[in-house]
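First comes the structure, then the notes that go with it.
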Amino acid sequence: MKAQLRFEVVSDDATFDALRPEWESLLERSPTRTLFNTWAWLRCWWEHYGAGRRLAIVVAREGAVARGILPLMVERERWKRLVPFRTLRLLGDGSFDSDYLDFLIPVSDGPRVVEDFWRFLFNESGLRFDLVRICEMPTASPHYGVLRSLLDTSGARVREQRMGAVFTRLPSNWDAYVASLKPRMRTKVRSLKRHLEEEHTVGIRRASTPEEINAALTSLFELHELRWKGRGQRGVFADPRKRAFYREMSHRFGDRGWLRLHTLDVDGCPVAHQHCVAHEGVLYLLQEGYDPAWEDHGVGNILRSLVLEESVREGLHTYDFLGGVTQHKLSWAGEVKESTRFTCLGKGHWGLLYFELSSLGASVRRLRARVASKDRPAPPERGDRGPISSSEPRDPA
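Residue 191 is where the sequence shown starts when you use our numbering, and the numbers rise one by one after that.
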C-alpha cells in the first residue's frame, strides 16, 4: 500500500522556477508529454498573461518526492460582462495559445493521483473558486476517463464541450506522404511551386539568429493582420501581450533548437510564414500568415508543403494543425482527434448562479432561433452532410 500523498499549492514565481527539475522529470514519465505541458511553455505563458490571475500550481508529494503536478490558476471572469465569478482553470488556458493541457502524473500513478488531486481541491486546498474549467484536455488522455467518472459519481453540475483538432502522420519519406494524398491534392502539391517558379524567384528560409527571428516575427504579425483586416476583423496579434509572448517564446525555443519559423520569399520579398515548434517528434503549427495579394498563387500551400517535406527529412512523425477541423486541414491527409472543455460547479453559491444564467441564456437563444426560422424560406436539399465540426477555431479572430 502506497503512503498517503500530501499536497502543496505554489502561488509565487520563485517557487514556480524552483519546480523546473521536478516538473521536467514528471513530464518525461507522463503520458501527456506535449509542448503545452512543458515548464518552458507555461512559464513563458505566465510571464505574459499572468497579470490579473493568481498562480495555484498543486504539487502532490509522497515524502519529498513529487508524484504529480496539476498546473492551475485562479482568475476572475464575468458572465456577459456583468456577474463576476472566481474560476479555477488550467495554467495556459484562456488566451487561445495552448492545446492538450493536462495533469503531469507518471503512467503508473495516474488514477489514484487524479482522484486525490480532486479531493484536495475541494476539501483541503483553501482555494476559493465558484467554477472549475478543465479545458483543452485530450479525450485520449488516461486522466480524462478518471475525471469524467469522478464528476459523474459526484452528481456535480457539469457542462462539457468537445473540440476537434487535425493532425497528419508523417511517413519516413516524402514520396510516401505525397502518395497518401488524394489525387487532386497530389497535383496541387506538385504543381503550385513549379508554376510560381516559372515567373518568379522562389525561396524558403528558416530563422535561426535573433535578428532573423525578430524580422520574421515582425513580418508574420504584419501579414497575419493584413489578411484578417481584409475580412473586416482584427487578428489575434492586435493584442500586444500575444506579440510579446511570441517574441519571448520564439527566442527561448530557438535557443533550445525547437523553433521552426519558416518564410517563403517571392522575388526576395516575404509572402508567407509558418510559426511552428518541434517537440518530441511532433511539429506544432502555432500560427501562420500570408500576403493576401499572393493568395491566388497558393503561397500558403506552397510553404506548407515545403515545411512538411523538411519535417519528413528531419524524421518528425507528426504535423499537428491544432484546434479546429476544416476541409483544408483534412486535405493534407489529416486525421481528427478530440479534446474536451469541462465546466463544473466550484465551492460557492455564485457557481450555481452561473449555471442558471447560462441555462436561461441558452433557452433565450433557442427561442430566438425558432422565431427567426419561421420567417426564413426552407433551404434547398443538399447532398453533403454539412460542416465537419462546429469546434471553436484556434485563431478566434
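Just so it is clear, CB atoms sit at the ideal spot from N, CA and C, and this is done for glycine as well.
With DSSP as the reference, label residue i as helix, strand or coil.
i	result
G393	strand
D574	With a pLDDT of only 32 at D574, under the threshold of 50, the placement of this residue in the model should not be trusted, and no figure is reported.
T358	strand
P274	strand
G335	helix
G524	strand
V515	coil
P569	Low confidence applies to P569: its pLDDT is 45, below 50, so where it sits in the model is not reliable enough to give any reading.
L209	coil
R219	coil
L341	helix
L281	coil
R555	helix
E546	helix
L317	coil
D203	helix
F226	helix
Have a look at residue i and residue j and give me their C-alpha separation to the nearest angstrom.
i	j	result
A208	A366	45 Å
W364	K372	15 Å
E412	A428	10 Å
G322	G536	Per the sequence presented here, residue 322 reads as Val, with Gly not at that position. Taking the straight line joining both Cα atoms gives about 6 Å.
W540	G420	42 Å
V273	I324	21 Å
Y544	G458	54 Å
Y334	R244	25 Å
P400	D306	44 Å
H385	R494	16 Å
G514	R555	24 Å
R196	M439	33 Å
L520	R359	12 Å
G507	S285	Before going further, note that residue 507 is His rather than Gly in the sequence given. Roughly 28 Å separates the two Cα atoms.
W308	S501	40 Å
E504	I492	19 Å
H463	I403	12 Å
W231	S563	46 Å
L317	L311	7 Å
V379	R450	21 Å
T516	G490	15 Å
S201	L382	52 Å
Buried or exposed for residue i, please, with buried defined as at least 16 other CB atoms from any protein chain shown within 10 angstroms of its CB.
i	result
V255	exposed
T343	exposed
N313	exposed
V456	buried
Q194	exposed
E525	exposed
E478	buried
H414	buried
K432	buried
L557	exposed
S331	buried
P460	buried
E265	buried
For residue i, which beta-bridge partners are listed by DSSP?
i	result
S529	P328, M353
D455	G393, P460
R251	R196, A256
R450	C466
R323	R279, T533
V348	C534
Could you give the first and the last residue of the continuous alpha helix (DSSP H) run that contains residue i?
i	result
V502	489-504
Y181	Since the displayed the chain opens at 191 and closes at 587, residue 181 lies outside it and no answer follows.
G300	300-313
E387	373-387
V368	364-370
K419	400-419
W484	Looking at the DSSP string, W484 is not in any alpha helix (DSSP H), and its letter there is neither H nor E.
Y239	229-239
Could you pull the start and end residues of the beta strand (DSSP E) that residue i belongs to?
i	result
H507	H507 -> no beta strand (DSSP E), and no H or E assigned at all.
Y480	472-480
V297	Run containing V297: none; DSSP gives neither H nor E here.
W269	262-269
R243	243-245
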